[in-house]
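Colleague: The listed protein sequences correspond, in order, to chains A and B. Residues are numbered in our numbering as their position in the first sequence, beginning at 1, plus a constant of 6. Residues are numbered in our numbering as their position in the second sequence, beginning at 1, plus a constant of 6. Below is one structure. I have some questions about it.
Protein chains: 2
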Amino acid sequence: MPREFDLIHWIRTQQTTSESVPLAAGDDLAVLKFAANDLVIVGIDQVLDGVHFLSTEHPPELIGRKAMNRNLSDCAAMACLPAAAVVSFALPRGIDPDFVKRLYTGLKEAGDAFGCPIVGGDTGSWDGKLALSVAILGRSAGIEPVRRSGARPGDGIYVTGPLGGSILGRHLTFTPRVREARELVARGPISAMIDLSDGLSRDLGHICRESGVGAILEAASIPIHDDARRLNDERSALEHALSDGEDHELCFTSGPREDAIRIGTVTAERQLLIRDGNAARPLVATGFEHRF
Amino acid sequence: MPREFDLIHWIRTQQTTSESVPLAAGDDLAVLKFAANDLVIVGIDQVLDGVHFLSTEHPPELIGRKAMNRNLSDCAAMACLPAAAVVSFALPRGIDPDFVKRLYTGLKEAGDAFGCPIVGGDTGSWDGKLALSVAILGRSAGIEPVRRSGARPGDGIYVTGPLGGSILGRHLTFTPRVREARELVARGPISAMIDLSDGLSRDLGHICRESGVGAILEAASIPIHDDARRLNDERSALEHALSDGEDHELCFTSGPREDAIRIGTVTAERQLLIRDGNAARPLVATGFEHRF
Numbered sequence: 007m008p009r010e011f012d013l014i015h016w017i018r019t020q021q022t023t024s025e026s027v028p029l030a031a032g033d034d035l036a037v038l039k040f041a042a043n044d045l046v047i048v049g050i051d052q053v054l055d056g057v058h059f060l061s062t063e064h065p066p067e068l069i070g071r072k073a074m075n076r077n078l079s080d081c082a083a084m085a086c087l088p089a090a091a092v093v094s095f096a097l098p099r100g101i102d103p104d105f106v107k108r109l110y111t112g113l114k115e116a117g118d119a120f121g122c123p124i125v126g127g128d129t130g131s132w133d134g135k136l137a138l139s140v141a142i143l144g145r146s147a148g149i150e151p152v153r154r155s156g157a158r159p160g161d162g163i164y165v166t167g168p169l170g171g172s173i174l175g176r177h178l179t180f181t182p183r184v185r186e187a188r189e190l191v192a193r194g195p196i197s198a199m200i201d202l203s204d205g206l207s208r209d210l211g212h213i214c215r216e217s218g219v220g221a222i223l224e225a226a227s228i229p230i231h232d233d234a235r236r237l238n239d240e241r242s243a244l245e246h247a248l249s250d251g252e253d254h255e256l257c258f259t260s261g262p263r264e265d266a267i268r269i270g271t272v273t274a275e276r277q278l279l280i281r282d283g284n285a286a287r288p289l290v291a292t293g294f295e296h297r298f
Numbered sequence: 007m008p009r010e011f012d013l014i015h016w017i018r019t020q021q022t023t024s025e026s027v028p029l030a031a032g033d034d035l036a037v038l039k040f041a042a043n044d045l046v047i048v049g050i051d052q053v054l055d056g057v058h059f060l061s062t063e064h065p066p067e068l069i070g071r072k073a074m075n076r077n078l079s080d081c082a083a084m085a086c087l088p089a090a091a092v093v094s095f096a097l098p099r100g101i102d103p104d105f106v107k108r109l110y111t112g113l114k115e116a117g118d119a120f121g122c123p124i125v126g127g128d129t130g131s132w133d134g135k136l137a138l139s140v141a142i143l144g145r146s147a148g149i150e151p152v153r154r155s156g157a158r159p160g161d162g163i164y165v166t167g168p169l170g171g172s173i174l175g176r177h178l179t180f181t182p183r184v185r186e187a188r189e190l191v192a193r194g195p196i197s198a199m200i201d202l203s204d205g206l207s208r209d210l211g212h213i214c215r216e217s218g219v220g221a222i223l224e225a226a227s228i229p230i231h232d233d234a235r236r237l238n239d240e241r242s243a244l245e246h247a248l249s250d251g252e253d254h255e256l257c258f259t260s261g262p263r264e265d266a267i268r269i270g271t272v273t274a275e276r277q278l279l280i281r282d283g284n285a286a287r288p289l290v291a292t293g294f295e296h297r298f
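Below, the structure is given as structure tokens:
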């Protein structure tokens, strides 16, 4: 398969070494140098054709960008710095190599924007659909990784930006809040944090479950993205803001602060509520899964 | 999707923390502690239904085992110690959760056998076929990672075991040579090493290309696995030993030694040859790709 070989060769030429990456392409594995006190943070996240993107509709650069940015957003959620990524491509047989190069370019440019080089990968073709897995390594770089489990009753609940309607395009084009996360921690302790990938109600549910607490949200305080209003379907803009996924803003808990949007308060009772006017009702933790 | 949620919950209960893994399941990413002098080695490798396994024929434990062991074998190739793995599962919609648990058990037991816990992952279902990606982290642990690029003319070429015919079953059940790699380095310097995943002729080609050298193999010295003889098809047992993939023995170059099987010599001329009797002929670097 000379075309595949050419592709692998091309991919390898995209990977370069540096002081912290003494060995990238060309061996079985890549070699990284971490500072002595750095914790190594690691995770993996995949995007699948028909679930997270549509190979027939979305530009490959944006598909690649999304695949990388989802992982960078996970780094943001823990307030760590991205260090390196490795990528596996499951390619439909006969795929245009140019499509793959554009995918790779999207991945690479997204990683480069946050100092996260692609240091290795695996390419395979099959009688199946397009799938990309990105595994990311991050480093603590002087900040203890922020967990989901530290929220305490009385903490405020904050988000970094407006929510809802990402299906109109932002699910492909969002910017991971890597820098914002570090700045937030630098300005004052954060007790728990998550990135909003599954939707506010579900992701806040993760924080509450891991922390053994509950939450009450103020409907009037939830920042609603224009995209959520634009959808104009059977669900209200607020519902979209509460349950749409793939905003990739940060949701965190902390003492009082002015540098993010406060949307509610952590409670001792293990229940998720939302107050709309005077009445509080249970917040049903439904996340919206894109189905194209 | 309650069944999927149950599955994710079950997977999480399989992941435990330790001194070197202070944080595993439950957050966006896992956190690892490496020793101060450890280099971090990282790679990713996928197995795809219809290419590397057949979901309708092969027991899921063996599919999982293969997915992990391919990565452990990459660690062996660099003589590093496996440290942790993360796994992404692309699951056909409606897959039996018990099948996935058995897959996971195969992955986990293979990792545990080499001190390589699964510390995180991603599970997604789609209208596609089964695919698993495993990203592995290794640590140098006192041994400089062995590369492909250090072979020098005059070095001997060695393998750790008999080759060929892995399609009869060993492609699912091989043991990664992690311990052997460390022992080999401890006994004497190794100039270049690779694990035999693509077939001897192709993988030795990788070493030669990266090292800027050639090689001459001695046909009579190539250890042929009984499985290669058993195949009894239009290709000779020697051809199978030279070109079948997925043996996952190690191939390395070094000065004279007695602890592995010498199969040839590194040459200055950038050409791969094999001597059969008195005649030397070009070794065509074809790797055998399983097509079920």
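For each residue, glycine too, the CB sits at the ideal point set by N, CA and C.
Taking all protein chains shown into account, decide if residue 302/A is buried (16 or more other Cβ within 10 angstroms of its Cβ) or exposed.
Modeller: The first residue shown for chain A is 7 and the last is 298, placing residue 302/A beyond what the model contains.
Colleague: With DSSP as the reference, label residue 122/B as helix, strand or coil.
Modeller: The answer is coil: DSSP assigns residue 122/B none of H, G, I, E or B.
Colleague: So residue 144/A contacts chain B; which residues on that side make the cut at Cβ distance below 7 Å?
Modeller: Those are 35, listed as they occur along chain B.
Colleague: For residue 168/B, which residues of its own chain have a beta-carbon under 7 Å away from its beta-carbon, when the five flanking residues on both sides are left out?
Modeller: Taken in chain order, the residues that qualify are 229, 230, 231.
Colleague: By alpha-carbon positions, which one of 14/A, 28/A, 215/A, 284/A ends up nearest to residue 276/A?
Modeller: Comparing Cα positions, the closest option is 215/A.
Colleague: Does the separation of the CB atoms of residue 257/A and residue 209/A fall below 7 Å?
Modeller: Contact flag set, yes.
Colleague: With 7 Å set as the bound, which would you pick, yes or no: does the beta-carbon of residue 182/B sit closer than that to a beta-carbon of chain A?
Modeller: Not one chain A Cβ lies under 7 Å of residue 182/B.
Colleague: What are the residues in the segment 90-104 of chain A lying within 8 Å of chain B by C-beta distance?
Modeller: Residues passing the 8 Å Cβ filter: 90, 92, 93, 94, 96.
Colleague: Under three-state DSSP, which class holds residue 81/A?
Modeller: It is helical.
Colleague: Which residue or residues does DSSP assign as beta-bridge partners of residue 140/B?
Modeller: In the DSSP output, where bridge partners are listed per residue, residue 140/B has 51/B, 93/B.
Colleague: Starting from residue 162/A, follow the beta strand (DSSP E) in both directions and report where the run begins and ends.
Modeller: That run of the beta strand (DSSP E) goes 162-165.
Colleague: Give the straight-line distance between the Cα atoms of residue 161/A and residue 250/A, rounded to the nearest whole angstrom.
Modeller: Approximately 24 Å between the Cα atoms of the pair.
Colleague: Using the DSSP secondary-structure output, state which residues sit across from residue 46/B in a beta bridge.
Modeller: In DSSP, residue 46/B forms a bridge with 38/A, 145/B.
Colleague: Using a Cβ cut-off of 7 Å, pull out every chain A residue sitting near residue 83/B, in sequence order please.
Modeller: Simply 34.
Colleague: Runs of 3 residues minimum, wholly inside the segment 163-239 of chain B: which ones carry the beta strand (DSSP E) assignment?
Modeller: Taking only runs of at least 3 residues, the beta strand (DSSP E) segments lying wholly in the segment 163-239 of chain B are 196-201, 220-224.
Colleague: Kindly confirm or deny that the segment 109-123 of chain B and the segment 45-60 of chain B touch, where touching means at least three C-beta pairs closer than 8 Å.
Modeller: In short, these stretches do not touch, since the Cβ pair count stays below three.
Colleague: Could you tell me the distance, in whole angstroms, from the CA atom of residue 7/B to the CA atom of residue 126/B?
Modeller: Because the pLDDT at residue 7/B is just 41, under 50, the model does not fix this residue reliably, and the point stays unresolved.
Colleague: Report the neighbours of residue 47/B on chain A: residues whose CB is nearer than 8 Å to its CB, in chain order.
Modeller: Those are 35, 36, 37, 38, listed as they occur along chain A.
Colleague: Output the boundary residues of the alpha helix (DSSP H) element that contains residue 249/A.
Modeller: Its alpha helix (DSSP H) spans residues 243-249.
Colleague: If you draw a straight line from the C-alpha of residue 90/B to the C-alpha of residue 224/A, how long is it?
Modeller: Answer to the nearest angstrom: the Cα atoms are 41 Å apart.
Colleague: Do you know whose CA, among 93/A, 118/A, 21/A, lies nearest residue 87/A's CA?
Modeller: Nearest of 93/A, 118/A, 21/A to residue 87/A, Cα basis: 118/A.
Colleague: Quick one: Cα of residue 296/B to Cα of residue 264/A, how far?
Modeller: With a pLDDT of 49 at residue 296/B, under the threshold of 50, the modelled position of that residue is not reliable, and the figure given next carries that caveat. Roughly 59 Å between the two C-alpha positions.
Colleague: Look at the Cβ atom of residue 147/B, then the Cβ atom of residue 42/A, and state whether they are nearer than 7 Å.
Modeller: No, they are not a contact pair.
Colleague: Taking C-alpha atoms, which residue in 97/A, 55/A, 114/A lies nearest to residue 133/A?
Modeller: The residue with the shortest Cα to Cα distance from residue 133/A is 97/A.
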